[in-house]
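Report on the structure given below.
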Amino acid sequence: MQTAVNKAQTKDRILNSPWTPATIGAAVGAGSATVGLLSAAAVSTYFARKVVVPPKRPVEDLRLISVGYDSIELTSHQQPSSVRLPATEATLAPGEYGLFFNGGQGFAVVGEITAYSPQEQTVTRKIINVVSGDLATAQRGRLSGVVSRTPEAAGYSCEDISLELAVGSAPAWLVHPDARLPESEFSPDVSPTVQTGSRTWAIMVHGMGATRAETLRALETTQALGMTSLHMSYRNDREAPPSVDNRYGLGFTEWADVDIAIDYAREHGAQDVVLFGWSMGGAICLQTMRRARNRRLIRAMVLDGPAADWLDLMQYHTRINKIPLRLGALGVSMISQPALNIFTGLQEPIEMDTLSWTKHAGDITVPTLILHSMDDAFVPAYSSQKLAERSPLVDFVPFEGATHTREWNVDPRRWFDAVTSWLPAHLS
């Protein structure tokens, strides 16, 4: 697992050589002069397309070594009680997680670690529930922060609605206050000080490569606050229709879909909204705050592991993937320069500088709570920390031991407490 020393070294090597438009231009020039144009373009194109091209489906790259049973007398209906996995930073993290397998058709919820072998580099985790599929015959899977695939599975009734986006109809879940189903086991032991009621809605925005199911982990919190929550899909996320170019805008285009979601909330009784965003969903929320027609209705934002500075983030991934700086900078230019869009397939360039919020902290106009793990090696927390240092409207709550956007999984009570103690004070 990433040590404090490694985290500090990672932060230093990113922050000590920041990318700016000038250094990007110089690096591109150096790249053209020192490597063959074709090979440079190939590496940079691959890097740029990894950022903006939505994956066709999540990759199941986790080997399922074996399953265990509570009883040695197996029956045809007996489900496994444990699963043995390779020991990685993700599989060793505490908490509950979803395990997808068989191309996403199978799904199980795994819980606490019951055995760990440093010598064999394996970990065994308890299986809480096999929701669908035959885990005993599965060979590979994917560990996820999603523990419920629908609101009903999370213990809440919901209404299926559609948002009429510019790209077409997009499905969403609408969960009204007091929607807990009778069989739900969750009963929060903390009473929030303010019941917001249906006047304030929560608009939930998932991250890159994920779906709206990612946002269901916040349901316990918004229900405890008495909020109506709208869990939306947006362009290119495999549930909503694709855009014309079928490319992510990293928040630069998707904000318009959130604006439509706020329209829906306003038309159905909301007087104001709180935006919740995970990873790229955090970048989308930030752009919504800046650009939406409905931006005056946004009272606050709660961001989990947000991509708060895309230039810093792409530089970080350039370095950890050992891509020469000049080629990473060329990849950024392919995303941001109109003349180079042929390499990425983007219909319009993305203004990367506007997605680097640490450089535009003064543009934050609403109270914002950021929850971010100090062990996040995919979207490091230093940009979130920097944003909190530079904006008086941003509060930062660090977590430990969680991989990307899995703060809730590692410590759901801390997540619940952080939001329910912070948000009411910023809505009253």
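Counting from 1, position 233 in the sequence shown corresponds to residue 233 in full-length UniProt numbering; the numbering is continuous, with no gaps.
No residue lacks a Cβ here, since even glycine has one placed at the ideal position from N, Cα and C.
Buried or exposed: where does residue i fall if 16 or more other Cβ atoms within 10 Å of its Cβ makes it buried?
i           : result
residue 274 : buried
residue 206 : buried
residue 423 : buried
residue 129 : exposed
residue 78  : exposed
residue 43  : buried
residue 293 : exposed
residue 244 : exposed
residue 203 : buried
residue 93  : buried
residue 120 : exposed
residue 61  : exposed
residue 304 : buried
residue 428 : exposed
residue 315 : buried
residue 380 : buried
residue 287 : buried
residue 482 : The structure shown has nothing for residue 482, since the chain only spans 1 to 428.
residue 166 : exposed
residue 212 : buried
residue 84  : buried
residue 269 : exposed
residue 342 : exposed
residue 333 : buried
Report the option in the options whose CA atom is closest to the CA atom of residue i.
i           : options            : result
residue 436 : 426, 296, 135      : Nothing about residue 436 can be reported from this structure: the residues present for the chain run from 1 to 428 only.
residue 50  : 368, 346, 169, 373 : 346
residue 141 : 147, 119, 104      : 104
residue 180 : 173, 223, 169      : 223
residue 367 : 396, 344, 342, 358 : 396
residue 266 : 201, 45, 110       : 201
residue 91  : 242, 280, 157, 112 : 112
residue 220 : 67, 177, 398, 257  : 177
residue 365 : 69, 299, 158       : 299
residue 89  : 133, 378, 327, 408 : 378
residue 108 : 124, 408, 134, 95  : 134
residue 361 : 399, 390, 96       : 390
residue 131 : 301, 210, 110, 230 : 110
residue 282 : 97, 357, 171       : 357
residue 154 : 175, 344, 400      : 175
residue 373 : 241, 279, 137      : 279
residue 289 : 257, 329, 81       : 257
residue 370 : 160, 82, 277       : 277
residue 46  : 355, 344, 400, 363 : 344
residue 450 : 138, 231, 101, 171 : Absent from the model: residue 450. The displayed extent of the chain is 1 to 428, so no value can be given.
On the DSSP bridge assignment, give the partners of residue i in chain order.
i           : result
residue 126 : 82
residue 278 : 304
residue 117 : 122
residue 140 : 63
residue 273 : 201, 298
residue 106 : 101
residue 156 : 180
residue 370 : 303, 396
residue 132 : 107
residue 68  : 82
residue 356 : 309
What residue does the beta strand (DSSP E) around residue i start on, and which one ends it?
i           : result
residue 206 : Unbroken run through residue 206: none, as it is neither H nor E.
residue 398 : 394-399
residue 161 : 159-165
residue 438 : Residue 438 is absent from the model: the chain starts at 1 and stops at 428.
residue 173 : 168-175
residue 460 : This structure cannot settle anything about residue 460, because the visible part of the chain is limited to 1 through 428.
residue 229 : 228-232
May I ask which residues mark the beginning and end of the alpha helix (DSSP H) holding residue i?
i           : result
residue 311 : 310-320
residue 334 : 325-336
residue 425 : 412-427
residue 219 : 219-224
residue 259 : 255-267
residue 389 : 382-390
Would you check if there are 3 or more beta carbon pairs closer than 8 Å linking the stretch 236-250 to the stretch 52-60?
Under the three-pair Cβ rule at 8 Å, the stretch 236-250 counts as touching the stretch 52-60.
The stretch 304-321 touching the stretch 369-385, judged by at least three CB pairs closer than 8 Å:
Yes: the two stretches touch, three or more of their Cβ pairs being nearer than 8 Å.
Can we say the stretch 403-418 touches the stretch 338-354, given the rule of at least three CB pairs closer than 8 Å?
no
Per the contact definition of three or more C-beta pairs closer than 8 Å, is the stretch 144-153 in contact with the stretch 400-415?
yes
Quick check: the stretch 149-162 against the stretch 209-216, are there 3 or more CB pairs under 8 Å?
The answer is yes - the stretch 209-216 touches the stretch 149-162, with three or more Cβ pairs under 8 Å.
Taking contact to mean 3 or more Cβ pairs, one atom from each stretch, closer than 8 Å, check whether the stretch 310-325 and the stretch 233-244 are in contact.
no
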